[in-house]
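**Student:**
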Amino acid sequence: MTFKRSFKNSLLKILHPEFSTFEFAPLQPRSDDVYLASFPKSGNTWVAFLIGNAISLHLKLNMHANFFNIHLFVPDIHESRHIPAELSFPPFRRVIKTHAANNREYHNVLFLVRDPRDVMSSYYLYTKNQLIFDGSFSEFLRHEKYGIKAWAKHAESWLEQSGRHQNLQVFRYEDFAKEPKRELGRLFDVMGFQLSPDTLAKASELANFENMKKLETETYSYSIKRFDKFKFVARDQLAETVKLSEEDQKYLLEAAKPMMDKLGYQ
Numbered sequence: 280m281t282f283k284r285s286f287k288n289s290l291l292k293i294l295h296p297e298f299s300t301f302e303f304a305p306l307q308p309r310s311d312d313v314y315l316a317s318f319p320k321s322g323n324t325w326v327a328f329l330i331g332n333a334i335s336l337h338l339k340l341n342m343h344a345n346f347f348n349i350h351l352f353v354p355d356i357h358e359s360r361h362i363p364a365e366l367s368f369p370p371f372r373r374v375i376k377t378h379a380a381n382n383r384e385y386h387n388v389l390f391l392v393r394d395p396r397d398v399m400s401s402y403y404l405y406t407k408n409q410l411i412f413d414g415s416f417s418e419f420l421r422h423e424k425y426g427i428k429a430w431a432k433h434a435e436s437w438l439e440q441s442g443r444h445q446n447l448q449v450f451r452y453e454d455f456a457k458e459p460k461r462e463l464g465r466l467f468d469v470m471g472f473q474l475s476p477d478t479l480a481k482a483s484e485l486a487n488f489e490n491m492k493k494l495e496t497e498t499y500s501y502s503i504k505r506f507d508k509f510k511f512v513a514r515d516q517l518a519e520t521v522k523l524s525e526e527d528q529k530y531l532l533e534a535a536k537p538m539m540d541k542l543g544y545q
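Take 280 as the starting number for the sequence shown in my numbering and just add one per residue.
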C-alpha cells in the first residue's frame, strides 16, 4: 500500500489545519472572498459549474461554464494563488474552490459535505486510477492521512473549530442532487444575491448529468484525458461498485459518527 510522495505531501498540506494558512489563500485576498470548501470527492466541482452557469445566465454573458473555462468563474486555490484581485463578474463576489481544512484566512465559507461512505468509495477509485494508491479499499479506509479519519478531522475542523470571524454555511451534496434549483438559490441568497427562478432552473439544467458528460467529452483537457481513463462525470456511478464489508462499515461509523450526526447522515 503506497502513495506517490508528491501527492501525499500535497494532501498532507491540504487536509490538515496546521498547514492550511497563507499557502492556500490568494496572493491578493479580498475581504468579501467566498470559499467553496470541501473534502476531496464531495462534489464541489459540480457545484462550481452550477455557480458559474448561474452567474453567466444572470449577467447574460455569451458563454456557459465548461471544463476549459470553469476556473474563470470559480478558481481553484490549489491550482494557483494568482487570482485577479478585481472582480471578474461584478457585482458577484469571487468564489474560490478549496479542499483545505479550516483556514483562518477564509472569512466567508460555503462548506460542502457529502455522505462519507460515498466520499470514501469515490476517493478510493480516484486514487487507484491515478496509480497513487495500490492497496485494498479496507486499507484505504483505515489510512490515517487519507481515509475516514481524515474526513472526520476535516469536517471537525470546519464544524467545531471555526472562529467568530468566520461566516460558515453548510450545504450537503445530497440536497443539491435532489433539489439543485432550491439549493443553488439558497447558496446565492447566502452571498446576498437573489436570482430568478428561470436562471436557477436553467443553470441546474446546464449542469445536469447528461450535459456534464457531454462537456467532459468536448472540453476536458486533452493532456488530462491522455493519462486519466477514469471519467470525471462517471465517478459517482463507479463508486457504487465499491462495497463496504460489515467490518468496514463498523470501522467507518466509529470514526465518523459524531460528524455524521451533526450533518444529518444516518
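Ideal Cβ positions, reconstructed from N, Cα and C, are used throughout, including at glycine.
#1: Closest to V570 by CA distance: which of L306, Q307, D311 is it?
#2: Closer than 7 Å by C-beta to K460: which residues in its own chain qualify, once you throw out the five before and the five after it? Chain order, please.
#3: Taking 8 Å as the threshold (C-beta atoms), are N323 and H386 in contact?
#4: Is DSSP giving I334 helix, strand or coil here?
#5: Which same chain residues end up closer than 7 Å to A431 when comparing Cβ atoms and leaving out the 5 residues on each side of it in sequence?
#6: Which first and last residues belong to the beta strand (DSSP E) in which N446 is found?
#7: Among the residues of its own chain, which have a CB less than 8 Å from the CB of W407, if the five just before and after it don't count?
#8: At which residues does the alpha helix (DSSP H) containing I427 begin and terminate?
#9: Roughly how many whole angstroms lie between the Cα atoms of S502 and R396?
#10: What span of residues does the beta strand (DSSP E) with I375 cover, start to end?
#11: So A482 is in the alpha helix (DSSP H); what residue range does that whole segment cover?
#12: Is V521 helix, strand or coil when you go by DSSP?
#13: Going by the beta-carbon positions, is the gap between V398 and F318 smaller than 8 Å?
#14: Can you give me the C-alpha to C-alpha distance between Q307 and I356, rounded to a whole angstrom?
#15: Among L542, L523, V313, which residue has its Cα nearest to the Cα of L420?
#16: Can you give me the start and stop residues for the alpha helix (DSSP H) that F488 sits inside?
#17: How long is the line joining the alpha carbons of F416 and N487, rounded to whole angstroms?
#18: Within the continuous beta strand (DSSP E) that includes Y402, where are the two ends?
**Tutor:** Well, looking at it:
#1: Residue 570 lies beyond the stretch modelled for the chain, which goes from 280 to 545, so this question has no answer here.
#2: Walking along the sequence shown from the start, residue 460 turns up at place 181. So the qualifying residues of the chain are L479, A480, S483.
#3: The residue given as residue 386 occupies position 107 in the sequence shown. The residue given as residue 323 occupies position 44 in the sequence shown. In this structure, N323 does not lie closer than 8 Å to H386 by Cβ.
#4: Numbered from its first residue, the sequence shown carries residue 334 at position 55. Helix, per DSSP.
#5: Against the sequence shown, residue 431 aligns to sequence position 152. The answer, listed in chain order, is A534, A535, M538.
#6: For this step, residue 446 is matched to residue 167 along the sequence shown. Annotation: the continuous beta strand (DSSP E) that includes N446 extends over 446-451.
#7: Position 128 of the sequence shown, counting from 1, holds the residue named residue 407. The question names Trp, but residue 407 in the sequence shown is Lys. The beta carbon of K407 sits closer than 8 Å to the beta carbons of D413 from its chain, once the five residues preceding and following it are set aside; these are given in chain order.
#8: Taking the first residue of the sequence shown as 1, we reach residue 427 at position 148. Counting along the chain, the alpha helix (DSSP H) containing I427 begins and ends at 427-438.
#9: What you label residue 502 is simply residue 223 of the sequence shown in a count that begins at 1. What you label residue 396 is simply residue 117 of the sequence shown in a count that begins at 1. Because the pLDDT of S502 is 43, which lies under 50, any placement of that residue in the model is unreliable, and the question is left without a value.
#10: Residue 375 sits at position 96 when you count from the first residue of the sequence shown. 374-377 is the span of the beta strand (DSSP E), which, as asked, contains I375.
#11: Residue mapping note: residue 482 aligns to position 203 of the sequence shown, counting from 1. Secondary structure note for A482: its alpha helix (DSSP H) is the uninterrupted segment 476-485.
#12: For the purposes of this step, residue 521 is taken as the residue at position 242 of the sequence shown. Coil.
#13: Working through the sequence shown from its first residue, we reach residue 398 at position 119. Working through the sequence shown from its first residue, we reach residue 318 at position 39. For V398 and F318, yes; Cβs fall inside 8 Å.
#14: Your numbering for residue 307 matches position 28 in the sequence shown. Your numbering for residue 356 matches position 77 in the sequence shown. Straight-line Cα distance between these residues: approximately 12 Å.
#15: Locating residue 420 in the sequence shown gives position 141, counting from the first residue. Comparing Cα-Cα distances from L420 to each of L542, L523, V313, the minimum goes to L523.
#16: Within the sequence shown, numbered from 1, the residue matching residue 488 stands at position 209. It spans 488-498 - the alpha helix (DSSP H) in which F488 sits, taken as one unbroken run.
#17: Stepping through the sequence shown from its first residue, residue 416 is reached at position 137. Stepping through the sequence shown from its first residue, residue 487 is reached at position 208. Spanning the alpha carbons of F416 and N487 requires a straight line of approximately 29 Å.
#18: Walking along the sequence shown from the start, residue 402 turns up at place 123. Careful: Y402 lies outside any beta strand (DSSP E), inside the alpha helix (DSSP H) at 395-408.
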